[in-house]
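Below you'll find the structure, written out as structure tokens, and then a few comments.
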Amino acid sequence: MAEDNRDEAAELERLLSEADAQETAEKGIVGKLFSSKKATMITLAVLLVLLVGVGAGVYFFLMEEKPAEAPAAEEVEKPVVEEEPAEAVEKIYIFKFRNFFLPLRENGKETGKFISVTPNLRLSNATMYKEISKVQALIRKNIYLILKRKTPKDLLENKSEAKERIKREILTASNALLLSGTGTINDVFFTQFIIK
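For the sequence shown, position 103 matches number 88 in the working numbering, and the numbering has no gaps at all.
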């Protein structure tokens, strides 16, 4: 029986080695490379490096600067003209007010219409900011009173003329509040002038 066990073991060993040989022949070189996890990782790393290299090559090839073309005939014929320095730009000083929103009245009764105005003052110099800040509450009060006196008819008949009239009234009333010699308010403009 021991001899039978040895024969069976030898036969089993022979069959296993034949199966391994057949499996190796079926897999070939590629099968051997991918037979272990380590080999798979190495292969993937090599492929990744190849892809990055090809991508970089394409990028540099496409982003390469093209040589400048010869200048057009028109550009060559023009004489070189020296530009004079630009004149100094006048600095503009603006004092911004918050929005005024109030109902429009006619004969003391509300009309259901509203005016929304955001005035800004153009100042003659930078020191005017300090002066305007001192009398800002009074200027706001004057602007409010000027707008409160307006009726929808005054504002809607000729809107551009009404705006100009309001500008002049605000300018006159505001300049009257300032100390003489410090500067003036040169203009009033509106960033918002809506009648609803």
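Idealized CB from N, CA, C, for every residue including glycine.
Terminal residues of the continuous alpha helix (DSSP H) containing F82? In the sequence shown, counting from the first residue as 1, residue 82 sits at position 97. Element bounds for F82: n/a, residue is neither H nor E.
For V120 and F174, the rounded distance between their alpha carbons: Indexing the sequence shown from 1 puts residue 174 at position 189. Indexing the sequence shown from 1 puts residue 120 at position 135. Rounded to the nearest angstrom, the two C-alpha atoms are 19 Å apart.
State buried or exposed for E(-7), treating a residue as buried only when at least 16 other CB atoms are found within 10 Å of its CB. Counting from one through the sequence shown, the residue named residue -7 turns up at place 8. Result: exposed.
I think F117 touches F80, with their Cβ atoms under 8 Å apart; what is that distance to the nearest whole Å? In the sequence shown, the residue the question calls residue 117 occupies position 132. In the sequence shown, the residue the question calls residue 80 occupies position 95. Reading off the sequence shown, one finds Ile at residue 117, where the question assumed Phe. Indeed they touch by this definition, with Cβ atoms about 5 Å apart.
Leaving out five residues before and five after G168 in sequence, what residues of the same chain have Cβ atoms less than 8 Å from its Cβ? Locating residue 168 in the sequence shown gives position 183, counting from the first residue. Within the same chain, G168 has close Cβ partners L108, S109, N110, T112, M113, E116.
Touch test, the region 123 to 137 against the region 93 to 101, Cβ-Cβ under 8 Å, three pairs minimum: yes
Between I124 and L162, which are expected to be in contact by the criterion C-beta below 8 Å, what is the C-beta distance as a whole number of angstroms? Here residue 124 refers to the residue found at position 139 when the sequence shown is read from its first residue. Here residue 162 refers to the residue found at position 177 when the sequence shown is read from its first residue. I124 to L162, Cβ: 6 Å. Contact.
Using the beta-carbon count (16 or more within 10 Å), is S2 buried or exposed? Numbered from its first residue, the sequence shown carries residue 2 at position 17. Exposed, because fewer than 16 other Cβ atoms sit within 10 Å of the Cβ of S2.
Could you check how far apart the C-beta atoms of P104 and I155 are, in whole angstroms? I think they sit under 8 Å. Along the sequence shown, one-based indexing puts residue 104 at 119. Along the sequence shown, one-based indexing puts residue 155 at 170. With a Cβ gap of about 6 Å, P104 and I155 count as contacting.
Taking 7 Å as the cut-off, does the CB of T25 come closer than this to any heavy atom belonging to the ligand FAD? In the structure shown, the ligand FAD is absent, as is every other ligand, since no ligand is present at all.
Output yes or no for whether 8 Å exceeds the beta carbon distance between K148 and F178. Taking the first residue of the sequence shown as 1, we reach residue 148 at position 163. Taking the first residue of the sequence shown as 1, we reach residue 178 at position 193. Cβ distance < 8 Å, so K148 and F178 count as in contact.
Beta-carbon within less than 8 Å of R184's beta-carbon, same chain only, minus the 5 sequence neighbours each way: which residues are those? What the structure shows of the chain is the stretch from -14 to 181, and residue 184 is not part of that stretch, so it cannot be assessed.
Taking its Cβ as the centre, do 16 or more other Cβ atoms sit within 10 Å of S145, making it buried, or is it exposed? Working through the sequence shown from its first residue, we reach residue 145 at position 160. Under this definition S145 is an exposed residue.
Any idea if A(-5) is buried or exposed, counting beta-carbon neighbours within 10 angstroms, 16 or more meaning buried? Taking the sequence shown and counting its residues from 1, one reaches residue -5 at position 10. A(-5) should be labelled exposed.
Straight-line Cα distance separating L106 from P88: Against the sequence shown, residue 88 aligns to sequence position 103. Against the sequence shown, residue 106 aligns to sequence position 121. Rounded to whole angstroms, P88 to L106 spans 23 Å at the Cα level.
Leaving out five residues before and five after A158 in sequence, what residues of the same chain have Cβ atoms less than 6 Å from its Cβ? Within the sequence shown, residue 158 is the residue found at index 173, counting from 1. Taken in chain order, the residues that qualify are N127.
Please look up how many angstroms separate the CB atoms of T180 and L141, rounded, as I've assumed it's under 8 Å. In the sequence shown, residue 180 corresponds to position 195, counting from 1. In the sequence shown, residue 141 corresponds to position 156, counting from 1. For the sequence presented, residue 180 should be read as Ile rather than Thr. Confirmed, about 6 Å.
Extent of the continuous beta strand (DSSP E) to which R107 belongs: Walking along the sequence shown from the start, residue 107 turns up at place 122. Note, R107: beta strand (DSSP E), 94 to 108.
Where does N160 fall in DSSP's three states? As a working mapping, residue 160 is identified with position 175 in the sequence shown. Three-state DSSP puts N160 in a helix.
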